[in-house]
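Following: one structure in structure tokens, then a few remarks.
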Amino acid sequence: MKPATTVRLPKKTSAKVNDLDNPAWTEGMLGAPVLKKGRGLQVAPTKVLTSIRLDVDVLDFFKSQGAGYQSRINATLRKVVERSLAGPVDGSKRKRASE
16 MKPATTVRLP KKTSAKVNDL DNPAWTEGML GAPVLKKGRG LQVAPTKVLT
66 SIRLDVDVLD FFKSQGAGYQ SRINATLRKV VERSLAGPVD GSKRKRASE
């Protein structure tokens with residue numbers, strides 16, 4: 016049986032090492048701080064984070080129109096909801112797809 020050995024920790028040095036290849040960063044090297052303006056918190060959150068499964072061709076259609084496709088999908092769904100809430104459409108003016 017082997018005798019147990021202890022691992023020695025490396026010696027700590029209090030003096031800072033001056034590495035010419037990697038000098039310490041200075042305020043001049045960093046430049047002025049850059050503050051990014053974000054959207055910020057919503058005053059009254061009106062939307063809910065959810066997950067929805069869409070057909071690939073439907074999603075591709077909205078994405079092909081550029082940025083903001085989620086907002087366009089929401090606007091399209093809102094139109095459908097508003098039409099549904101407006102009441103039934105007179106049958107004489109609108110034909111069914113099966114006819």
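Taking our numbering, the leading residue of the sequence shown gets 16, the next gets one more, and so forth. Each residue gets a CB set at the ideal place from its N, CA and C atoms; glycine is no exception.
Please work out which residues of its chain come closer than 6 Å, Cβ to Cβ, to residue i, disregarding the five sequence neighbours upstream and downstream, and give them in chain order.
i: LYS78; result: TYR84
First and last residue of the alpha helix (DSSP H) that includes residue i?
i: GLY43; result: 42-45
i: LYS78; result: 71-79
Is the shortest distance between the beta-carbon of residue i and the beta-carbons of chain D less than 7 Å?
i: ILE67; result: Of the chains in the structure shown, none is chain D; there is only one protein chain.
Please state the DSSP three-state secondary structure of residue i.
i: VAL96; result: helix
i: THR91; result: helix
i: ALA59; result: coil
i: SER66; result: coil
i: ALA101; result: helix
Which same chain residues, not among the five before or five after residue i, have their C-beta less than 8 Å away from its C-beta?
i: VAL73; result: none
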